[in-house]
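Q: Residue numbers (the working numbering): 253 to 479. We put the beta carbon where it would ideally sit given N, CA and C, even for glycine. If you're wondering where the values come from, they're calculated on a predicted model, not measured in any experiment.
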Amino acid sequence: MEHSSHRPTGHDASENELFRQLEAGIKEECTPLTNALLAHDENQEKLQDHLDAIMRGEGGCSQSEANYRLDRVVTSNIRTYDEVMKETIGESPDPLSSLEHMSEQHLQYEAQLLAFFRTHNPDGDYYVTDGAAQLEDYLASAESENYRHAFATLLYRSNLQHNIATCLQAAEPNKSELIAQTHALEEAFNAPASNAPCYEKAAYKIKNAARVAKSALESAIEKRKFR
Numbered sequence: 253m254e255h256s257s258h259r260p261t262g263h264d265a266s267e268n269e270l271f272r273q274l275e276a277g278i279k280e281e282c283t284p285l286t287n288a289l290l291a292h293d294e295n296q297e298k299l300q301d302h303l304d305a306i307m308r309g310e311g312g313c314s315q316s317e318a319n320y321r322l323d324r325v326v327t328s329n330i331r332t333y334d335e336v337m338k339e340t341i342g343e344s345p346d347p348l349s350s351l352e353h354m355s356e357q358h359l360q361y362e363a364q365l366l367a368f369f370r371t372h373n374p375d376g377d378y379y380v381t382d383g384a385a386q387l388e389d390y391l392a393s394a395e396s397e398n399y400r401h402a403f404a405t406l407l408y409r410s411n412l413q414h415n416i417a418t419c420l421q422a423a424e425p426n427k428s429e430l431i432a433q434t435h436a437l438e439e440a441f442n443a444p445a446s447n448a449p450c451y452e453k454a455a456y457k458i459k460n461a462a463r464v465a466k467s468a469l470e471s472a473i474e475k476r477k478f479r
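1. With 16 as the cutoff for other CB atoms within 10 Å, does residue 320 come out buried or exposed?
2. Determine the direct distance from the alpha carbon of residue 411 to that of residue 378, and round the result to whole angstroms.
3. DSSP three-state label for residue 221, please.
4. Return helix, strand or coil for residue 425, following the three-state DSSP convention.
5. Going by beta carbon distance, what residues of the same chain come within less than 8 Å of residue 403, once the five residues before and after it are set aside?
6. Are the Cβ atoms of residue 252 and residue 336 separated by less than 8 Å?
7. Pick out whichever of 350, 327 and 311 has its Cα sitting closest to the Cα of residue 396.
8. Using beta-carbon positions only, say whether residue 430 and residue 340 come within less than 8 Å of one another.
9. Counting C-beta neighbours from all protein chains within 10 Å, is the total for residue 408 16 or more, i.e. buried, or is it exposed?
10. For residue 425 versus residue 312, is the C-beta spacing smaller than 8 Å?
11. If distances are taken between C-alpha atoms only, which option among 353, 315 and 346 comes closest to residue 302?
12. Let me know if residue 334 comes out buried or exposed under the rule of 16 or more other beta-carbons within 10 Å of its beta-carbon.
13. At which residues does the alpha helix (DSSP H) containing residue 328 begin and terminate?
14. Rounded to the nearest angstrom, how far is the Cβ of residue 376 from that of residue 369, given a contact under 8 Å?
15. Just the Cα atoms here: how many angstroms apart are residue 386 and residue 434?
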């Protein structure tokens, strides 16, 4: 039986080298802000994927495990959001421009998540930023531009946690947990009858006998006092 292996031709090698150079060029052109935006976009997808699983009653072998994983995804999501705000300030030419860019980015993320939440729980009472002007006023109230990203992240975290909790009000019960509970009930119903009632009757007789003996002893002691 003949075996053949594909070896890159000169054309393949030159094509691979071209792709390598393009990839290297793209990486060189990526600014810290671009990297932060890409990282947060990835975390947005992870957050939505995991929330989507929880809403279907999945996401872990129990509700507590699903919630633990969600907490980790949310923490990572908030961290990358903070990086986006920090790099937006760093790459903006002036404070006014940074306010506008931060506000625009925040509202974009908020709208993206709200659309997702309302898909799963349309009637939820979600926190929504009133508008770009109010948001810019809020960010401008920071003590300095260095603290501005912290103000934005504080607002993002507060709204995100509230809106996630609101969305989860419509989540299905965890399926794995329900299956485990069903199996436990089936085992309990199928288990042979125990002789627990016999033990309860015996315990009652022992306690009653002890009570009678105690009463008799106390009566005897009282009688001896008056002799």
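A: With the structure as the only source:
1. The residue you call residue 320 lines up with position 68 of the sequence shown. Taking every protein chain shown into account, the CB of residue 320 has fewer than 16 other CB atoms within 10 angstroms, so this residue is exposed.
2. Within the sequence shown, residue 378 is the residue found at index 126, counting from 1. Within the sequence shown, residue 411 is the residue found at index 159, counting from 1. Between residue 378 and residue 411, the C-alpha separation is close to 8 Å.
3. Here the chain covers residues 253 to 479 and nothing more, so residue 221 does not appear.
4. As a first step, residue 425 is located in the sequence shown; it is residue number 173 there, counting from the start. The answer is coil: DSSP assigns residue 425 none of H, G, I, E or B.
5. Taking the first residue of the sequence shown as 1, we reach residue 403 at position 151. Hits under 8 Å: 390, 391, 393 and 394.
6. One cannot answer for residue 252 here, as it falls past the ends of the chain, which runs 253 to 479.
7. Here residue 396 refers to the residue found at position 144 of the sequence shown. Of the candidates 350, 327 and 311, the one whose C-alpha sits nearest the C-alpha of residue 396 is 350.
8. For the purposes of this step, residue 430 is taken as residue 178 along the sequence shown, with counting starting at 1. For the purposes of this step, residue 340 is taken as residue 88 along the sequence shown, with counting starting at 1. Their beta carbons are not under 8 Å apart, which means residue 430 does not touch residue 340 by this criterion.
9. Within the sequence shown, residue 408 is the residue found at index 156, counting from 1. Label assigned to residue 408: buried.
10. On the sequence shown, position 173 is the one that residue 425 refers to. On the sequence shown, position 60 is the one that residue 312 refers to. No; because the gap between Cβ atoms is not below 8 Å, this pair is not in contact.
11. Here residue 302 refers to the residue found at position 50 of the sequence shown. Among 353, 315 and 346, the Cα nearest to that of residue 302 is on 315.
12. Residue numbering aside, residue 334 sits at position 82 when the sequence shown is read from its first letter. Buried, by the Cβ-count rule.
13. In the sequence shown, residue 328 corresponds to position 76, counting from 1. Per DSSP, residue 328 belongs to the alpha helix (DSSP H) from 315-343.
14. Position 124 of the sequence shown, counted from the first residue, corresponds to residue 376. Position 117 of the sequence shown, counted from the first residue, corresponds to residue 369. The Cβ separation is near 6 Å, so the contact holds.
15. Numbered from 1 along the sequence shown, position 134 holds the residue referred to as residue 386. Numbered from 1 along the sequence shown, position 182 holds the residue referred to as residue 434. Approximately 51 Å between the Cα atoms of the pair.
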